[in-house]
Amino acid sequence: MIRDTSQQDVINQAKAKPLWRRALPFVIAAIASLFVLKHLWAWNTTEFVMSRDDIQLATIERGTITREINSQGKIVAAHAPIIYSPESGQIKLLVRPGHKVEKDQPIAEVTSVELANELKKQQANLKSLQIDFQRHSLQMKRDLLALEQGKQQAKVEWQASEREMQRANDSIGDKLISQQNFERAQDALAKANLAYQHAKQDIEIQRESLSFENQTKAYQVEYQQIVVDELKQRIRELQIRSPVDGMLGNWLVEQSAQIQINQALMTVIDLTQFEAELAISESFADELALDMPVSLSAAGHQLNGRLSAISPEVKNGAVATRVALDNTAQLELRQNQRLTATITLEQKPNVLMVKRGQFVTTSGGKWSYRLEHDQAVRTDLVTGISNLTHIEIVSGVKEGEQIVISSLQPFNDFNTVLIR
């Protein structure tokens with residue numbers, strides 16, 4: 003008889019599962035239900051749906067925003083004096099345009115026949131006055147000598163009269179001479195004394211008079227000497243010298259031309275001092291001000307400067323300005339070298355800003371869409387200054403939030419848009 007296997011079978015009772023394992027399916031189902039409900043709620047509260055790839059977002063950040071304008075211009079000499087003719091005559095230009103010159107180097111000569119003749123004439127006048135002065139000095143000595151002789155003669159006669167009067171006094175006491183002879187001796191003494199006193203006074207007056215005339219002659223010689231010296235200086239100035247170290251600019255007259263006094267002859271460019279000349283669009287003219295900072299780039303050199311001059315005149319839709327450059331002595335700059343420049347109109351530190359985008363054109367910067375999770379919510383904005391890359395946000399959003407900076411036309415002015 004074949005035995006069955008019933009006695010070998012073992013009855014195993016199933017063990018109870020842990021509570022968390024039994025609850026796990028329900029938790030997963032609840033989370034999935036919430037996720038679905040959330041998206042269903044977003045779908046129901048959203049007026050429009052757009053793809054994230056169709057928009058461009060930017061984060062609101064805090065920093066310094068600078069309002070600038072860009073321009074083009076050229077390097078010009080800050081000091082380029084024009085050389086003028088000192089006299090009328092024929093010009094001889096000694097240095098060709100574009101050649102370097104040193105300070106006080108002769109660069110041109112003027113031949114003035116009229117000035118040369120005038121110098122000869124005045125030199126002759128000076129010689130004549132000098133001879134006249136010398137002749138007058140000799141004549142004054144003769145006249146003074148003659149007057150001195152007359153004075154000495156009067157003195158001798160006066161002394162003789164005194165001795166005669168002394169003898170008369172002695173004789174009258176002894177009754178040796180008559181009263182008439184005594185009185186005659188008195189008259190002779192008085193007359194001799196008077197002649198002597200007049201001779202002394204006359205020589206003093208004549209000396210003063212002759213000295214005055216001689217001084218007048220000396221002044222005439224001195225004045226004429228000044229005239230001659232001035233003409234010599236004018237002739238020396240006919241050799242025109244460079245006022246600066248630099249380069250000769252343009253000739254303003256032809257070689258060997260007949261020129262007039264004060265006629266412009268040429269320009270000399272000072273190569274040690276440069277400025278930038280910029281043409282700024284007239285739309286920014288009212289915002290320009292002297293001493294505004296300017297950054298420039300010329301031939302690989304980065305330069306800094308400040309607005310030093312603003313033209314009051316508008317030409318061809320632009321305003322001409324000059325920029326004083328800093329530290330150009332060590333740079334090899336050239337006249338009329340092209341450059342680009344950036345003028346800082348305004349700078350605000352510690353402000354909210356966002357990258358510039360087409361939303362500025364679409365809404366005028368007055369509103370955009372702020373991203374809240376998967377929704378873009380229309381938000382009013384107040385904007386401030388802007389530059390080529392950023393725009394200031396005065397109010398409407400906070401730092402760290404994201405807004406749409408691409409064109410807002412695809413949003414069709416909906417208040418909320420679902421972003422997928």
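If you're matching positions, the sequence shown starts at 3 in our numbering and goes up one per residue. All C-beta atoms in this analysis are idealised placements derived from N, C-alpha and C, irrespective of residue type, glycine included. Note that the structure is a prediction, hence the values are computed from the model and not measured.
Judged by DSSP in its simplified three-state form, I205 adopts helix. For the region 46 to 70, the continuous beta strand (DSSP E) assignments of 3+ residues that do not extend past its boundaries occur at 50 to 52 and 59 to 61, in sequence order. When DSSP states are grouped into helix, strand and coil, Q92 belongs to the strand group.
Collapsing the DSSP output to three states places A300 in a strand. Exposed is the label assigned to F214, since fewer than 16 other Cβ atoms lie within 10 Å of its Cβ. Note on H200: under 16 other CB atoms within 10 angstroms of its CB, so exposed under the neighbour-count rule.
Rounded to the nearest whole angstrom, the C-alpha separation of L383 and L290 is 28 Å. Three or more Cβ pairs closer than 8 Å define a contact, and the region 235 to 255 meets that threshold against the region 104 to 113. Per DSSP, reduced to three states, the secondary structure at V396 is strand. Every alpha helix (DSSP H) stretch that sits fully inside the region 284 to 368 and reaches 4 residues is listed by chain position as 361 to 365.
The region 350 to 368 and the region 378 to 393 touch, with three or more beta-carbon pairs separated by less than 8 Å.
Judged by DSSP in its simplified three-state form, D382 adopts strand.
For L420, the enclosing beta strand (DSSP E) stretches over residues T418 to I421. Each of S310, Q222 and I271 was checked against the Cα of H138, and the nearest Cα belongs to Q222.
With fewer than 16 other CB atoms across the displayed protein chains lying within 10 angstroms of its CB, E104 is exposed. Each residue's CA atom was taken as its position, placing S313 and A322 some 5 Å apart.
Apart from sequence neighbours up to five positions away, the residues of its chain that approach G75 with a beta-carbon distance below 7 Å are A278, E279, L280, A281, L341 and A343, ordered along the chain. Between L146 and Q226, the C-beta spacing is not below 8 Å. Around the beta carbon of A266, a 10 Å sphere encloses fewer than 16 other beta carbons of the protein chains shown; the residue is thus reported as exposed. Distance from the CA atom of V362 to the CA atom of E315, rounded to whole angstroms, is 33 Å. Annotated three-state conformation of R98 is coil, per DSSP.
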